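So the sequence shown is residues -21 to -1, 1 to 88, counted in mature numbering (1 follows the signal peptide of the UniProt record, and there is no 0). In what follows, a structure is listed as structure tokens, so that the remarks can point back to it.
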Amino acid sequence: MKKMKTIALGLLMGLNTLTFAQTPSQIEQNNTVQDNQQITQISTNAVNINTASAAELQDKLVGIGEKKAQAIVDYRTKNGNFKSIEQLAEVSGIGQATVEKNRANIVLE
């Protein structure tokens, strides 16, 4: 009788595992949904540093206040459009750490 209970328990545990297992297509679907959510999140917070006003830059970028936002606009006016996100670190008062914090939300076009 004890053997039967052990076997029955083992079978139930095995079936339970199959119930929660995902097929490769389900895993791929879940990953696609997560990727789309990340893209949506980035696009709603994205700011084009070549066209944004100082107010937009201040609103959308982390660690960018009124003075730094104006410095970005002034740099862009003097030197032309940014060619790379890394070039943002050339703006007075903006370091590489600030660029990295905002990289996912910055676009150039």
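Glycine included, every Cβ here is placed at the ideal spot set by N, Cα and C. None of these values were measured; they are calculated from a predicted model.
Q: Label Gln55 either buried or exposed according to how many other C-beta atoms from any shown protein chain fall within 10 Å of its C-beta, with 16 as the threshold for buried.
A: For the purposes of this step, residue 55 is taken as residue 76 along the sequence shown, with counting starting at 1. Residue 55 is actually Arg in this sequence, not Gln. So Arg55 counts as buried.
Q: Work out the CA separation of Val86 and Ala(-14) for me, nearest whole Å.
A: In the sequence shown, the residue the question calls residue -14 occupies position 8. In the sequence shown, the residue the question calls residue 86 occupies position 107. Each residue's alpha carbon lies about 59 angstroms from the other.
Q.
Within 10 Å of its beta-carbon, does Leu36 have 16 or more other beta-carbons around it, so buried, or fewer, so exposed?
A. One-based indexing of the sequence shown puts residue 36 at position 57. Leu36 should be labelled buried.
Q) Buried or exposed: where does Leu(-11) fall if 16 or more other Cβ atoms within 10 Å of its Cβ makes it buried? A) Counting from one through the sequence shown, the residue named residue -11 turns up at place 11. Under this definition Leu(-11) is an exposed residue.
Q | Buried versus exposed call for Asn60 [16 or more other C-beta atoms within 10 Å across all chains shown] | A | As a first step, residue 60 is located in the sequence shown; it is residue number 81 there, counting from the start. Exposed, because fewer than 16 other Cβ atoms sit within 10 Å of the Cβ of Asn60.
Q: Could you spell out the range, first to last residue, of the alpha helix (DSSP H) harbouring Thr30?
A: Here residue 30 refers to the residue found at position 51 when the sequence shown is read from its first residue. Looking at the DSSP string, Thr30 is not in any alpha helix (DSSP H), and its letter there is neither H nor E.
Q: For Ala48, count neighbouring Cβ atoms within 10 angstroms of its own Cβ and tell me buried if that reaches 16, exposed if not.
A: Stepping through the sequence shown from its first residue, residue 48 is reached at position 69. Using a 10 angstroms sphere on the CB of Ala48, the tally of other CB atoms reaches 16 or more, which defines it as buried.
Q.
If distances are taken between C-alpha atoms only, which option among Asp53, Arg82, Ala83, Gly74 comes closest to Thr30?
A. Here residue 30 corresponds to residue number 51 of the sequence shown, with the count starting at 1. Of Asp53, Arg82, Ala83, Gly74, the smallest CA-CA separation from Thr30 is found for Asp53.
Q.
Here's the rule I'm using: 16 or more other beta-carbon atoms within 10 Å means buried, otherwise exposed. How should Asn81 be labelled?
A. Sequence index remark: in the sequence shown, residue 81 carries index 102 (1-based). The residue is buried, with at least 16 neighbouring Cβ atoms inside 10 Å.
**Q.** Length of the line joining the Cα atoms of Glu69 and Thr23
**A.** Here the question's residue 69 lines up with position 90 in the sequence shown. Here the question's residue 23 lines up with position 44 in the sequence shown. When rounded, the separation of the alpha-carbon atoms in Glu69 and Thr23 is 26 angstroms.
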